[in-house]
Amino acid sequence: MSVRNLEALFQPASVALIGASDREASLGSVVLRNLRADGFQGPVWPVNRRHGNVGGAPAWRDVESLPRAPDLAVICTPAESVPEIIAALGRKGTRAAIVMSAGLKQATSADGRSLEQAMLDAARPHLLRILGPNCIGALVPGIGLNASFAPGNALPGKLAFVTQSGALATAMLDWANSRGIGFSHFISLGDSADVDFGDVIDYLASDPGTRAILMYMESVKSARKFMSAARAAARNKPVIVVKAGRAPDGARAAASHTGALAGSDAVFDAAVRRAGMLRVDTLESLFDAAETLTHVRRWHGERLAVLTNGGGAGVLAADALALGGGTLAVPGEDTLQALNECLPSTWSHGNPVDIIGDAPVSRYADALKVLLAAPEIDGVLFIHAPTAIVPAADIAAACLPLIQASVKPVLTCWLGGVMVAAARQSTAAAGIASYSTPERAAAAWLQLATYARNQQALQQLPAAAMEDFTPDRELARSLLDEALRDGREWLGDAQAQALLRAYGIPAVETVKTRDVEEAVATASRIGYPVALKIISPEVIHKSDVGGVALDLASEQALRLAAGKMQQQVLRLLPQARIQGFTVQAMARRPGAHELIVGIASDPVFGPVLLLGEGGVAAELHKNHAVALPPLNARLAGDMVAGSGLAPLLAGYRGRAPADEPALLATLLKVSQMACDLAWLAELDINPLLVDEHGVLALDSRVRLRPVAAGEPSRLAIRPYPLALEEHVQVKGQDVLLRPIRPEDGQRLMAFYAGASPADMRLRFFMARREVPHSELARYSQIDYDREMTFVAIAPQAGGEPVMVAEARAVCDPDNLTAEFAIQVATDWQRRGLGRLLMDKLLRYLREHGTTEVVGQCLPENAGMAALARQLGFDVTAGTLKETVAMRLALR
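Okay, structure coming up:
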């Protein structure tokens, strides 16, 4: 489930309180008082099995006796009573409940189920949604709903706050009320047995009264649902999160370097970036970020100018910006000249722009105009400290109109208390972000920069991927199957290197040998010098026990190393079973960088990718990055940038730049392994040598896990569904029908650009010359879990294949209804291509479990209406006379 019946939870017309009470300070009396005190217009029905009157009004004995089914029920009764109450509510017709009772996870029913599971089983046949159990409740100030036991109401506003912590919820509500912060929704999830973050994000994403979604999180239950909801919501409004647990639990013992480095907090950070959300460190920063993101102008870049009448305040802002990795703008010659003309000679002549404490109103306004007009400046931080020269309110009156008219983001900081109170009020009334200190203002700018980078990841049009590369999946799966059949958790060195080569990753030739004699023979064939490594299921990190010998230049050296190696391993690990040796050719790549690339398994988000500095001390290096698969070329590049390795790879002190495209290709191939091979638990390629000649995997470790038949994918983001590709013949021409890829953005742009004005009007219901970049990104970077777009790719003489048609369907979060659209290039119309695409789309939606497909077209689009009728759609006049409605029931 997702948003189904959540309107009954957050927009109820009537409420029943099960467990209402007159007992002072009891849960039932507090909730009843809150429900009645805050202006809710619908009926509130107390339910108490012992008393016919509660709170001075009639009460009902049980659910069955209520006058009609309440939209929402609030349950405050002991845990053991909850499953039967839910069942009774379901039979009555109620579709939402808030369960405040605690202890349902721990207690069991008579049949051995937990009370929580019994509650869910009772709700399921009726599609009754449950918030909680063990929660504070929910507040929707706009309709006067306070279905909670919070010690007060929330002020109305445009921010939604969702939290897993009940204690934190009450504290935050008190804190927000003291600062005049209002909410569209204030929601405590509790144990999230049913309604969880993914559901609430989906609901709030489409709520017009919510301007931003703020969350306090401790855990994620369903990673794929959470990621789908967050990615969809973040395209529409800011989603800002504080998550507890930054402590490095990723430093737990792990069998591989990758597993040790990819700690769960780093993985959550990667998920936040991928979804286009913003993560902040503190609850105070949560509300600062909400003010920033909902008030400032469109992002232009990271170069910030600081305008201040106090040098100390400007330095504090600049320091905070630098320590946070921000960028202080460097004024150009024209800007400096313009500032010289309007400022006294004693001004700072740099950034921060200190206009001196005796500045009159005109000096503020003139300097601000210069900075807003400067092309080398992307945004301005305006700081004022009170003086006796001119009232802050006068400065605000002169400068706020300039800030409002600016196309660049401007943040303000009015330092002080009473003397700047009026200026702060004017700033708030003008809808301009304001902060109490320079450090908080600089932190807000850094939040803006991070949010902009995360949003850009949602709106990118990545370059074409390796479309000509096809891994040897059959060989890869046979290697893994063989190891699993033998009961082995780890692939041998030779098998691991073979797995890499199956995915096109260059790897040193590695040969498994049973004893010293075979090792000698293999070394003679490969050619000295060689590397020798022990084979033992008990030895994972071979160098830790002397199980690696490098640069063996002769047979004598090899024999000596093998004997010493066996003795050393058995001395340190007497239980080790030595099963032979692997022999590798020594790679001669002087000056190559040693990196680690790998796959780890996160308990929540599933497979994650890692890139960092490699070698035996990989865990000690700080330069590494974590990302969720699948990657595209742009995301792989972001991973390199985020790892901190880019300056090393760029070359320095005569060292040639590394072959970065080869590294990016390796990341894409490892990402493909994570998507293709569900049996992979962990993969280390360490070291991966990278230099100007490309990449070479010297060593690799692969840990496996058994996969049960029908086990759902662990990937948090559904990868490209390769199995849906097919070739068809259209009037004797071969055409590839396949799902759209993120890399298709440029093809889609060309497709729309080549369409006739008439075709564009029929597709978008209006005349448009081009489709904006943000729309192209949204259309090409789809969430395969919730939508599908099939494109037709046709060969083009002497050039790259081109897109000649698209058919897309976007499902609601509950997969009940999908809305479709289709467009065929003018030259390809009337060839049957539209019918082929629609047949494919409808087959997919049926298999996906979608209930119905709907669409609209203009009345003059007779071809679309005719095709819809051929496919079995009901075609009728739309609710608006200017459209034709099409509907097809799939089940």
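The numbering of the sequence shown is the numbering used here, which starts it at -9 and goes up by one. Ideal Cβ positions, reconstructed from N, Cα and C, are used throughout, including at glycine.
| message | At the level of alpha carbons, what is the spacing between Leu311 and Asp344? | response | 17 Å
| query | Thinking C-beta only, is Ala355 closer than 8 Å to Ala387? | reply | no
| Burial state of Asn43 (16 or more Cβ within 10 Å) | exposed
| task | Would you grab the beta carbon distance between Ala617 and Val598 for me? Rounded to a whole angstrom, and I think it's under 8 Å. | result | 7 Å
| Simplified DSSP assignment, three categories, for Asn167 | helix
| query | Taking the alpha carbon of Glu842 as the point to measure from, which residue in Met876, Ile812, Ser544 has its own alpha carbon closest? | reply | Met876
| message | According to DSSP, Asn136 sits in a beta bridge with which residue or residues? | response | Leu129
| field | Bounding residues of the beta strand (DSSP E) (the contiguous stretch that carries Met205) | value | 202 to 207
| Would you say the region 646 to 660 touches the region 683 to 699, given that touching needs at least three Cβ pairs under 8 Å? | yes
| query | Rounded to the nearest angstrom, how far is the Cβ of Ala466 from that of Tyr425, given a contact under 8 Å? | reply | The Cβ separation is near 53 Å, so there is no contact.
| task | Would you identify the three-state DSSP class for Val900, choosing helix, strand or coil? | result | With the chain running from -9 to 881 in the structure shown, residue 900 is simply not present.
| Start-to-end residues for the beta strand (DSSP E) that takes in Cys801 | 789 to 801
| task | Taking only runs that begin and end inside the region 258 to 338, name each unbroken alpha helix (DSSP H) of 4 or more residues, in chain order. | result | 273 to 285, 301 to 313, 323 to 332
| said: Can you tell me whether Ala521 is helix, strand or coil according to DSSP? | reply: strand
| In or out: Met756 buried (at least 16 other Cβ within 10 Å) or exposed? | exposed
| query | Any contact of the region 393 to 410 with the region 333 to 352, i.e. 3+ C-beta pairs under 8 Å? | reply | no
| query | Are Leu194 and Ala161 close, meaning C-beta to C-beta below 8 Å? | reply | no
| task | Within 10 angstroms of the Cβ of Phe173, are there 16 or more other Cβ atoms? Answer buried if so, exposed if not. | result | buried
| Based on the DSSP output, what are the partners of Ala562 in its beta bridges? | The residue asked about is misnamed: residue 562 is Leu in this sequence, not Ala. Looking at the DSSP assignment, Leu562 forms no beta bridge with any residue, so it has no partner.
| said: Among the candidates Arg798, Ser182, Ala855, whose CA atom is the shortest distance from the CA of Thr779? | reply: Arg798
| Residue(s) in a DSSP beta bridge with Ser544 | The partner list for Ser544 (beta bridge, DSSP) is empty, contrary to what the question assumes.
| Does DSSP classify Glu715 as helix, strand or coil? | coil
| request: Give the secondary structure of Leu686 by DSSP, where H, G and I count as helix, E and B as strand, and everything else as coil. | output: strand
| Hey, out of Arg491, Leu738, Ala543, whose CA is closest to Thr656's CA? | Arg491
| query | What distance in whole Å lies between the Cβ atoms of Val72 and Pro123, which are believed to be in contact at a cut-off of 8 Å? | reply | 7 Å
| Okay, do the region 33 to 50 and the region 95 to 102 touch, 3+ Cβ pairs below 8 Å being the bar? | no
| task | Using alpha carbons as the reference points, say which of Ala740, Leu738, Met739, Arg759 lies closest to Ala748. | result | Arg759
| query | Going straight from the alpha carbon of Ile393 to that of Ile422, what length do you get? | reply | 8 Å
| Is it the case that the Cβ atoms of Gln375 and Gly300 are separated by a distance below 8 Å? | Note on identity: in this sequence residue 375 is Ala, with Gln being the wrong assignment. Yes, these two residues count as a Cβ contact at 8 Å.
| Proximal residues to Gly18 (C-beta, below 6 Å), its chain only, five neighbours per side dropped | Gly9, Ala10, Ser11, Cys66
| said: Can you confirm whether the region 498 to 514 touches the region 704 to 717 when touching is taken to mean that 3 or more C-beta pairs between the two stretches lie within less than 8 Å? | reply: no
| query | For the candidate residues Leu129, Pro849, Val697, Asp802, whose alpha-carbon lies nearest to that of Arg475? | reply | Val697
| Based on Cα-Cα distance, which residue from Asp505, Val529, Asp689 lies nearest to Arg549? | Asp505
| Opposite Trp50 in the DSSP bridges: which residues? | Val37
| query | Tell me which same chain residues have a C-beta within less than 7 Å of the C-beta of Gly291, skipping the five on either side of it? | reply | Asp368
| said: Taking the alpha carbon of Ser55 as the reference point, which residue from Arg39, Gly46, Val64, Leu62 has its own alpha carbon closest? | reply: Arg39
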